[in-house]
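These protein sequence lines are chains R and Y, in that order. Take the first sequence: its letter number 236 is residue 240 in my numbering, and every next letter is one higher. Take the second sequence: its letter number 147 is residue 151 in my numbering, and every next letter is one higher. Cβ coordinates follow ideal geometry from the N, Cα and C atoms, glycine included. The structure displayed is predicted, hence computed values, not measured ones. Presented below is the structure to which this report refers.
Number of protein chains: 2
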Amino acid sequence: MVKKYILSEQDMPRRWYNIMADMPTPMEPPLHPGTGKACGPEDLAPIFPMSLIEQEVSTERWIDIPEEVLEKYTIWRPAPLFRATGLEKALDTPARIYFKNEGVSPAGSHKPNTAIAQAYYNRLAGTKKITTETGAGQWGSALSMCCAFFGIECKVFMVKISYNQKPYRRLMMETWGAKCTASPSTETKAGRSILEQDPESPGSLGMAISEAVEAAVTNPDTKYALGSVLNHVMIHQSIIGLEAQKQMEMAGDYPDIIIGSAGGGSNFAGLAVPFARDKINGREIDIIAAEPASCPTLTRGPFLYDFGDTVQMTPLLPMHTLGHSYVPAPIHAGGLRYHGMAPIVSQLVLDGIVRPEAVKQMETFEAGLTFARSEGFIPAPECNHAVAMAIKEALKAKEEGKEKVILANWSGHGLVDLAAYESYFQGKLSNYELPQKEIDLALKDLDNLPKPRQTNDRTDNQ
Amino acid sequence: MVKKYILSEQDMPRRWYNIMADMPTPMEPPLHPGTGKACGPEDLAPIFPMSLIEQEVSTERWIDIPEEVLEKYTIWRPAPLFRATGLEKALDTPARIYFKNEGVSPAGSHKPNTAIAQAYYNRLAGTKKITTETGAGQWGSALSMCCAFFGIECKVFMVKISYNQKPYRRLMMETWGAKCTASPSTETKAGRSILEQDPESPGSLGMAISEAVEAAVTNPDTKYALGSVLNHVMIHQSIIGLEAQKQMEMAGDYPDIIIGSAGGGSNFAGLAVPFARDKINGREIDIIAAEPASCPTLTRGPFLYDFGDTVQMTPLLPMHTLGHSYVPAPIHAGGLRYHGMAPIVSQLVLDGIVRPEAVKQMETFEAGLTFARSEGFIPAPECNHAVAMAIKEALKAKEEGKEKVILANWSGHGLVDLAAYESYFQGKLSNYELPQKEIDLALKDLDNLPKPRQTNDRTDNQ
Chain R
5 MVKKYILSEQ
15 DMPRRWYNIM
25 ADMPTPMEPP
35 LHPGTGKACG
45 PEDLAPIFPM
55 SLIEQEVSTE
65 RWIDIPEEVL
75 EKYTIWRPAP
85 LFRATGLEKA
95 LDTPARIYFK
105 NEGVSPAGSH
115 KPNTAIAQAY
125 YNRLAGTKKI
135 TTETGAGQWG
145 SALSMCCAFF
155 GIECKVFMVK
165 ISYNQKPYRR
175 LMMETWGAKC
185 TASPSTETKA
195 GRSILEQDPE
205 SPGSLGMAIS
215 EAVEAAVTNP
225 DTKYALGSVL
235 NHVMIHQSII
245 GLEAQKQMEM
255 AGDYPDIIIG
265 SAGGGSNFAG
275 LAVPFARDKI
285 NGREIDIIAA
295 EPASCPTLTR
305 GPFLYDFGDT
315 VQMTPLLPMH
325 TLGHSYVPAP
335 IHAGGLRYHG
345 MAPIVSQLVL
355 DGIVRPEAVK
365 QMETFEAGLT
375 FARSEGFIPA
385 PECNHAVAMA
395 IKEALKAKEE
405 GKEKVILANW
415 SGHGLVDLAA
425 YESYFQGKLS
435 NYELPQKEID
445 LALKDLDNLP
455 KPRQTNDRTD
465 NQ
Chain Y
5 MVKKYILSEQ
15 DMPRRWYNIM
25 ADMPTPMEPP
35 LHPGTGKACG
45 PEDLAPIFPM
55 SLIEQEVSTE
65 RWIDIPEEVL
75 EKYTIWRPAP
85 LFRATGLEKA
95 LDTPARIYFK
105 NEGVSPAGSH
115 KPNTAIAQAY
125 YNRLAGTKKI
135 TTETGAGQWG
145 SALSMCCAFF
155 GIECKVFMVK
165 ISYNQKPYRR
175 LMMETWGAKC
185 TASPSTETKA
195 GRSILEQDPE
205 SPGSLGMAIS
215 EAVEAAVTNP
225 DTKYALGSVL
235 NHVMIHQSII
245 GLEAQKQMEM
255 AGDYPDIIIG
265 SAGGGSNFAG
275 LAVPFARDKI
285 NGREIDIIAA
295 EPASCPTLTR
305 GPFLYDFGDT
315 VQMTPLLPMH
325 TLGHSYVPAP
335 IHAGGLRYHG
345 MAPIVSQLVL
355 DGIVRPEAVK
365 QMETFEAGLT
375 FARSEGFIPA
385 PECNHAVAMA
395 IKEALKAKEE
405 GKEKVILANW
415 SGHGLVDLAA
425 YESYFQGKLS
435 NYELPQKEID
445 LALKDLDNLP
455 KPRQTNDRTD
465 NQ
C-alpha cells in the first residue's frame with residue numbers, strides 16, 4: 005500500500021485559487037476605521053504593496069504564481085500527502101485518513117506559503133523592511149526566513165507569553181537574521197499605552213498587530229505583513245488544497261470530510277477552499293473548521309464588523325469575532341489565540357459551506373500523543389486540533405461502520421513546542437472554556453460600530 | 005531548474021548494501037574483552053538478537069530489507085535529494101552542491117533508518133525492552149519512536165550535559181513513550197562507580213553505553229541497541245547512499261566529492277559506502293569524513309583495538325580512537341562527542357578510500373547560518389560539519405574555476421538544537437582543539453590491549 009502521495013515539481017500548481025470568485029454570497033468590504041466607509045486601495049497603501057492590495061480585493065478565480073515564488077516553493081513543495089495507516093490501525097477504523105503534511109517546510113508549518121509571496125511582492129515594490137506580529141512564532145519565523153531569501157530586513161513583535169514559552173521560535177527568527185521583540189513592548193505608542201494599563205499583560209495577537217502596524221506606518225520604506233485573516237493570505241495558502249486535490253486523485257479517493265485547525269483561518273482555508281468550490285458546485289462534503297474551545301471565535305462569536313487589532317488601527321473587517329479587546333486565555337496553542345477569523349472563512353460559515361466545531365485542550369494533546377506514537381511525526385499544538393477532529397470523525401465512522409474518507413491539514417510539527425507537551429505530561433493543562441460573560445463584555449465595545457448586512461444568531465452554530 | 009530529486013516509493017531500495025563484501029582489506033574481528041580472542045556470535049547474544057549479530061559479521065553484499073521495515077521507512081523515505089541552488093548563489097561558486105536530506109524523518113535525523121530495523125528484529129526475537137545511550141538525543145529519540153511503533157519498552161541513558169542542554173530531545177523521547185535518564189546515573193553499577201570518582205561528571209557516550217549495556221545484560225527479555233559504530237548499523241544506513249545514487253542519476257550528475265559529518269560514523273558511512281564501492285572499483289572520488297577538531301578521532305587518533313565504552317564492558321573494536329577513558333570537551337555537537345569511530349569507516353580511512361578532515365566549531369556555526377539564510381533549513385550542529393566542509397570545497401572549486409559536483413549528507417535539522425545557536429550568537433562558543441597531551445594520556449590505557457595487524461602513523465592523515 006502506498007503511504008505518501010508525492011507530486012513532481014512539474015505538477016506543482018502554477019496558479020493560486022481565489023474563492024472570492026465563487027462565494028455564494030459576495031464578501032462585504034472592509035471599512036475605514038475613521039469614516040466607516042468602504043476601504044479603497046489608497047487606505048491600505050501605507051501598510052501593503054499595491055500588488056497585494058489588488059489580490060486582497062480581486063475576484064479573479066485564478067492568480068498566477070510568480071516564477072521566483074515557485075522557485076522558492078520548491079525548497080519544500082510540493083508537500084507530501086500521506087495516508088495515516090498507522091493511526092487507522094491504532095483506531096481500528098474503517099475510515100481512510102489522509103493528512104496533507106505542511107510540516108515539511110524549513111519553518112515547520114504552512115506559513116511560508118504566504119510569507120514567500122509577501123516577501124517577494126514587497127521586494128518588487130522596493131520595501132526595505134517588513135514588520136509583523138506573531139503568536140506561537142510560526143508566522144514570525146516563516147516571514148523571517150523569507151525576508152532572508154529576498155534581502156529584506158524583518159522585525160517581529162511576538163506575543164509576550166509565547167516569547168517566554170517558546171524561546172526556540174525566537175531563535176529560529178534570529179538564525180534567519182530577523183529582530184524579535186516581546187509584545188507589548190515599549191518600542192511603540194500602542195505597546196506603551198497597553199503596558200500603562202496593564203504592565204503584566206501577557207500580550208495577544210491583537211496587541212502585537214497594533215505594534216507592528218504602527219512600526220510600519222511610522223517608518224519609511226517599511227511595510228507590514230499579516231500571516232492570516234486577510235484575503236490575499238487565503239489565496240496564497242490555496243496551494244495546499246490544490247496540491248491535495250491532485251494527490252487525492254493519485255490515491256483514487258475523494259474526501260467525505262475535510263478538516264483544518266482554525267485560528268486566523270489560513271491553514272484551514274488553504275486546504276479547504278478548492279474543496280469548498282466543489283461543494284458550492286454541488287458536491288457533498290463536510291468541511292470542518294476545528295477551533296479551540298478556549299477561543300471559540302466561530303462557534304460562539306457573532307458575525308460583526310470588528311477591528312483586527314486591539315488598539316483599533318486596522319480597517320474594520322466583517323468576521324466572526326469575540327471582540328478586539330478580548331485577551332485569549334494563555335493556552336498553549338498560541339497560533340489559535342486570536343479574537344477574530346478570516347472574513348472568507350467567516351462568510352463560508354455563514355453560508356453553510358463550512359461547519360465550525362470547538363475542541364477542548366486535553367483532547368487535542370491526547371490526540372497528538374496517539375498520532376505521534378502511531379505515525380511518528382509530533383504535531384504542533386495548533387495542528388492537534390485538526391488531528392483530534394480527524395480522530396473523532398474516524399471513530400464515528402467506526403461506530404457507524406462506514407468507510408469514510410477523511411482529509412485533514414497537518415499544518416505543522418511540534419518539535420519547537422515540546423514545552424507544551426511537557427506541561428501536558430505534568431498535568432498542568434486543563435479544559436478551559438471561555439465564560440459567556442467574558443465574551444459578552446468584549447462584544448460590548450462593538451455596539452457603536454457599523455453592522456454588516458448579514459448577521460447570525462450564534463446559537464445556530466453551536 | 006529542478007530543486008528536489010524525489011524517488012517514488014516503488015523506487016526505494018529493497019536491499020541494504022554491505023561494504024564488507026568489497027573492502028580492499030578484510031576487517032579485523034572484534035575481540036572478547038576477557039579472553040582477547042575473536043568474538044563469536046554467542047559472546048554478543050546477551051545484548052543483541054541473533055539476526056543483528058548475523059548482519060554484524062556478514063560479508064553478503066546485499067541484505068533484503070524486511071517488508072515491515074520498508075513499510076515504516078515510507079513514513080519519511082525515500083528522502084529527498086536537493087540541489088542547494090540558494091547556497092551556490094550565496095557562494096557564487098561554479099560547483100553544483102547536492103544534499104541528501106535526512107532531516108525529513110519524524111525524529112529529524114538519519115537515525116531512524118537503523119532504529120526501525122533494530123526495533124523490528126528485536127520484536128521478531130521477542131525482546132520486551134530495549135536499552136540504549138544517546139548523546140545529543142538524536143539516536144535516543146529515533147529509537148523511542150521506533151519502539152513505540154513495535155510496542156517495545158524503551159529506556160535511554162542520555163549523556164548528562166546534553167540532557168541538560170537539550171530538554172526538547174528528552175521531551176521527544178517521552179512523547180514517544182520512552183523513559184530517559186541522565187547519565188551517569190545511580191541506576192547502574194557503572195554509573196555509580198563513575199559518579200563516585202567524579203560526582204560532577206558531564207557524562208560521555210562511552211559512559212552512557214556502559215550503563216545501557218549493563219541494564220540490558222542484567223534484565224530478562226531486555227536487549228541493547230547501538231545507534232552507530234557497529235557494522236549492522238552501517239548496513240542499515242546504506243539506504244541513504246543507495247537512494248542518493250539513483251537521485252544523482254536523475255539529476256544527470258555524479259559526485260566528485262562526497263561529504264558526511266563523522267561522529268560514530270553512521271550518517272557518513274550511510275551516504276558514502278555505495279560510492280566507496282565505486283571508488284574501490286576504480287572511480288575517482290574524494291570521500292571526506294568531516295569530524296570536529298575538538299574530538300578528532302580519525303585525524304589524530306591511532307588505529308588500535310579499544311573498548312566502545314568507558315567501563316570496558318564491550319568487545320574490543322579495531323578502530324581509530326582517542327582512548328575509551330577520554331571524555332570529550334562539552335562542545336555542542338553532542339552527537340559527535342565519541343572517542344571511537346566505526347571500524348568500517350576506520351578501515352576505509354586506513355585503506356585510503358576515505359579522507360578525514362577536522363573542522364573547527366566556529367566554522368561549523370558560520371556555515372550553518374549561511375546555509376539557513378540561503379536554503380531555509382536550519383542544520384543540526386553535527387550536520388554543520390558536513391555543511392562547512394561542502395562550503396569549503398565549493399569555495400575551493402570557485403578559486404580553481406572548476407565545476408565540481410559535491411554531494412553531502414544533510415544528516416538532520418537543528419530545530420531542537422537552537423540553544424547551541426544561541427550560545428554562538430552570544431559569543432559563548434570557541435574553537436577548542438584537543439591538546440595532544442590529553443590524547444596521549446587517554447591512549448596510555450590502551451598499552452596493554454591486543455594490537456591489530458595494521459597500524460598507522462597518525463601524522464600521515466593530518
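Enumerate, from N- to C-terminal direction, the unbroken alpha helix (DSSP H) stretches of 4 or more residues contained entirely within the region 60-148 of chain Y. 71-77, 89-95, 116-128
So with Cβ pairs under 7 Å, would you call residue 175(R) a contact of chain Y? yes
At a cut of 8 Å, does the region 412-431 of chain Y reach the region 349-361 of chain Y through at least three beta carbon pairs? no
Just to make sure I have the definition right: I need the residues of chain Y whose C-beta is within less than 8 Å of the C-beta of residue 138(R). Which are they? Per Cβ cutoff of 8 Å: no residues; residue 138(R) is ~16 Å from chain Y at best.
As a quick exercise: from 426(Y), 412(Y), 411(Y), pick the residue whose alpha carbon is nearest that of residue 418(Y). 426(Y)
When 14(Y), 28(Y), 10(Y) are compared against residue 286(Y), the one with the closest alpha-carbon: 28(Y)
Closest residue to residue 36(Y) among 458(Y), 457(Y), 453(Y) (Cα-Cα distance): 453(Y)
Which residue or residues does DSSP assign as beta-bridge partners of residue 154(Y)? Residue 154(Y) pairs with nothing; no bridge assigned.
Comparing the C-beta of residue 16(R) with each C-beta of chain Y, is any distance below 7 Å? no
Given that residue 419(R) touches chain Y, what residues does it touch there, using C-beta distances under 8 Å? 112, 172, 176, 419, 420
Note down the Cα distance separating residue 397(R) from residue 92(R), rounded to an integer number of angstroms. 12 Å
How about the region 288-298 of chain Y and the region 264-272 of chain Y: do they share at least three Cβ pairs that are nearer than 8 Å? yes
Whose Cβ in chain R lies nearer than 7 Å to the Cβ of residue 149(Y)? 380
Could you name the residues of chain Y that residue 425(R) contacts, counting a contact when the two beta carbons are closer than 8 Å? 175, 178, 179
Boundaries (first-last residue) of the beta strand (DSSP E) holding residue 184(R): 183-187
Would you list, in chain order, the members of the region 360-377 of chain Y that have their beta-carbon closer than 9 Å to a beta-carbon of chain A? In the structure shown, chain A does not exist; the protein chains are R and Y.
Which residue marks the beginning of the beta strand (DSSP E) containing residue 420(R), and which one marks its end? Run containing residue 420(R): none; DSSP gives neither H nor E here.
With residue 391(R) as the anchor, note down where its alpha helix (DSSP H) starts and where it stops. 387-404
Kindly give me the distance between the Cβ atoms of residue 160(Y) and residue 131(Y), rounded to whole angstroms, as I take these residues to be in contact under 8 Å. So it is not a contact: roughly 15 Å between Cβ atoms.
Please classify residue 454(R): does DSSP put it in a helix, a strand, or coil? coil
Taking the continuous beta strand (DSSP E) assigned at residue 218(R), which residues delimit it? Not the beta strand (DSSP E): residue 218(R) falls in the alpha helix (DSSP H), residues 209-221.
What does DSSP give as the partner residue(s) for residue 414(Y) in the beta ladder? 105(Y)
Where residue 6(R) meets chain Y, residues with beta-carbon distance less than 7 Å: 13
7 Å Cβ cut-off: residues of chain R touching residue 255(Y): Result: empty, since nearest Cβ-Cβ is about 12 Å, beyond 7 Å.
Could you name the residues of the same chain whose beta carbon sits closer than 8 Å to that of residue 50(R), not counting the 5 residues immediately before and after it, in chain order? 220, 221
I want to know whether the region 402-411 of chain R touches the region 377-390 of chain R - three or more CB-CB distances under 8 Å. no
Are the beta-carbon atoms belonging to residue 145(R) and residue 176(R) less than 7 Å from one another? yes
Should the region 174-192 of chain R be regarded as contacting the region 316-323 of chain R, the criterion being three or more beta carbon pairs within less than 8 Å? no
Fully enclosed by the region 319-373 of chain R, which beta strand (DSSP E) runs are 3 residues long or longer? 320-324, 359-363
Short of 7 Å in beta carbon distance, which residues of its chain neighbour residue 69(Y), apart from the five on each side in sequence? Order them along the chain. 18, 19, 20
Counting only Cβ-Cβ distances shorter than 9 Å, please list the residues of the region 425-458 of chain Y near chain R, keeping chain order. 425, 426, 429
Which of helix, strand or coil DSSP assigns to residue 197(Y): helix
Could you give the distance in angstroms between the alpha-carbon of residue 329(R) and the alpha-carbon of residue 162(R)? 18 Å
Given a cut-off of 7 Å on the beta-carbon distance, is the pair residue 207(R) and residue 170(R) in contact? no
In or out: residue 42(R) buried (at least 16 other Cβ within 10 Å) or exposed? exposed
Out of 82(Y), 114(Y), 455(Y), point me to the one whose CA is closest to residue 310(Y)'s CA. 455(Y)
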